[in-house]
Amino acid sequence: MTPEEEVEFRKRQRSRNWVVGGVLLFFAVLFYAITIVRIGE
Amino acid sequence: MEQTGSLTLPADWRDFFALTKPRVMTLVIFTGICGLLAAPGSIHPIIGFTAILCIAMGAGGSAALNQWWEADIDREMKRTASRPLPSQRLKRTDARDFGILISATSVAIMGLAVGWLSAGLLALAIVYYAVIYTIWLKPRTPQNIVIGGGAGAFPPMIGWVAVTGDVTLMPVLLFAIIFMWTPPHFWALALFVKMDYAKVGIPMMPVVRGERSTRRQILVYTILLAPVAVAPWIIGGTGFIYGVAALALSLAFFALSLPVAFRQSIEQDSMQPEKRLFGFSILYLFALFAALVIDRVAAGQGWI
Chain S
1090 MTPEEEVEFR KRQRSRNWVV GGVLLFFAVL FYAITIVRIG E
Chain W
907 MEQTGSLTLP ADWRDFFALT KPRVMTLVIF TGICGLLAAP GSIHPIIGFT AILCIAMGAG
967 GSAALNQWWE ADIDREMKRT ASRPLPSQRL KRTDARDFGI LISATSVAIM GLAVGWLSAG
1027 LLALAIVYYA VIYTIWLKPR TPQNIVIGGG AGAFPPMIGW VAVTGDVTLM PVLLFAIIFM
1087 WTPPHFWALA LFVKMDYAKV GIPMMPVVRG ERSTRRQILV YTILLAPVAV APWIIGGTGF
1147 IYGVAALALS LAFFALSLPV AFRQSIEQDS MQPEKRLFGF SILYLFALFA ALVIDRVAAG
1207 QGWI
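This is the structure in structure tokens:
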């Protein structure tokens, strides 16, 4: 891998990690909210 | 399903997002929300949001599976050649796994958070689109668009059932409206956009049965659509706001389909009537479902 490719590789890896992290966090919050709502029913 | 050696970079997350066909999803989300808002009864906003999210995820998952299956076809057609799979920005197996993952997740969350009837309908919609339509019938019959319309017709029904928990005539009518609407909508487009479906062996109506037959069938489905669109009012499921809107919109749709039905395109045809009909078909569906929601909200508030 050339240095340029390495930079691009890291960049994509990083942005993907952020997206996956964001999605997981979103679902954690959503499941918490769903649980609270359904317990209250 | 061979992979090229050049594909060593991790795929961009935007390509996974593109697999879900975000533009199609806007209509899915809109009609799903309308079904949810028009249904009698109430739903907690968080559960309602979850239901719409699951419908959107299911639509995205089946769109990804559709592109996984059709990658070879998409590569041969100008309109689709730049999608993530044909342009090799994404591995084909990754698209398949991504599609299965978000489809299964959407059904599981729908079942746990909202209800298992709406989850069952969602699973049915996904299998219908990805397997029955994409894999089985689309390459085999020129009525494929009619069948495909069934997949797009599920969202308002699922949204409705998420609130009520049972399937009554009203959600079935919402399903039937989109089912009847899809053929004239898509065939109008197919008439003026020269699609290269013939090249890849997909039997689209204008290619198989010819322009004349396609035009007549546009008219037939437009006529069939009108009573279905007005039916919610006739059976007393809605008030006059929806009824008048459905009547006016269906009359206009019919009026615009007449010139399309009885003409024949010539060399260098500008295809104005077809473009007008296609443009109006989109407005028709948005306006009809908006009228349904306004009607139901007005009735809920005691205004009508």
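Protein chains in written order, with my numbering: chain S, 1090 to 1130; chain W, 907 to 1210. All residues carry an ideal CB built from backbone N, CA and C; glycine is no exception. Treat the numbers as computed from the prediction; the structure is a model and nothing was measured.
Query, Result
"To the nearest angstrom, report how far apart LEU1097/W and PRO1089/W are at their CA atoms.", "12 Å"
"Distance, Cα to Cα, LYS927/W vs VAL934/W?", "11 Å"
"Mapping the DSSP letters down to three states, classify SER993/W as helix, strand or coil.", "coil"
"If the criterion is Cβ atoms closer than 8 Å, does the pair ALA1059/W and PHE1085/W meet it?", "yes"
"Does the stretch 1156 to 1169 of chain W come within contact of the stretch 1122 to 1137 of chain W, defined as at least 3 CB pairs closer than 8 Å?", "yes"
"Do you know how far the Cα of VAL930/W is from the Cα of ALA924/W?", "11 Å"
"In chain order, what residues of the same chain have a beta carbon less than 6 Å from the beta carbon of GLY1054/W, not counting five sequence neighbours either side?", "TYR1039"
"Report the rounded CA-to-CA distance for ASP1102/W versus ARG1115/W, giving the unit in angstroms.", "15 Å"
"Output the boundary residues of the alpha helix (DSSP H) element that contains ALA977/W.", "977 to 982"
"Between ASP980/W and THR986/W, which are expected to be in contact by the criterion C-beta below 8 Å, what is the C-beta distance as a whole number of angstroms?", "4 Å"
"For the stretch 917 to 941 of chain W, list the alpha helix (DSSP H) runs that are entirely contained and at least 4 residues long, ordered along the chain.", "919 to 925"
"I'd like the ranges of any alpha helix (DSSP H) spanning at least 4 consecutive residues and lying wholly in the stretch 1089 to 1173 of chain W.", "1103 to 1106, 1111 to 1114, 1116 to 1140, 1146 to 1167"
"Mapping DSSP to helix, strand and coil, what is TRP1209/W?", "coil"
"Let me see if you follow: with CB-CB separation under 8 Å, is ILE953/W close to chain S or not?", "yes"
"Beta-carbon within less than 6 Å of GLY1107/W's beta-carbon, same chain only, minus the 5 sequence neighbours each way: which residues are those?", "none"
"In this structure, how does DSSP classify VAL1073/W when only helix, strand and coil are distinguished?", "coil"
"Compute the Euclidean distance between the alpha carbons of VAL1166/W and GLU1097/S, then round it to the nearest angstrom.", "51 Å"
"Answer with yes or no whether the minimum CB distance from HIS950/W to chain S is below 8 Å.", "yes"
"What would DSSP say about ALA1059/W, mapped onto helix, strand or coil?", "coil"
"Among the residues of its own chain, which have a CB less than 8 Å from the CB of MET1063/W, if the five just before and after it don't count?", "GLY941, LEU1027, VAL1073, PRO1077, VAL1078, LEU1080, PHE1081"
"In chain order, what residues of the same chain lie with their CB nearer than 8 Å to the CB of THR910/W, ignoring the 5 residues before and after it?", "Bear in mind that a pLDDT of 45 at THR910/W, under 50, signals an unreliable position, so the model cannot answer this."
"What separation, rounded to the nearest whole angstrom, lies between the Cα atoms of GLU1180/W and ASP1201/W?", "31 Å"
"Quick check on VAL1118/S - is its C-beta less than 8 Å from some C-beta in chain W?", "no"
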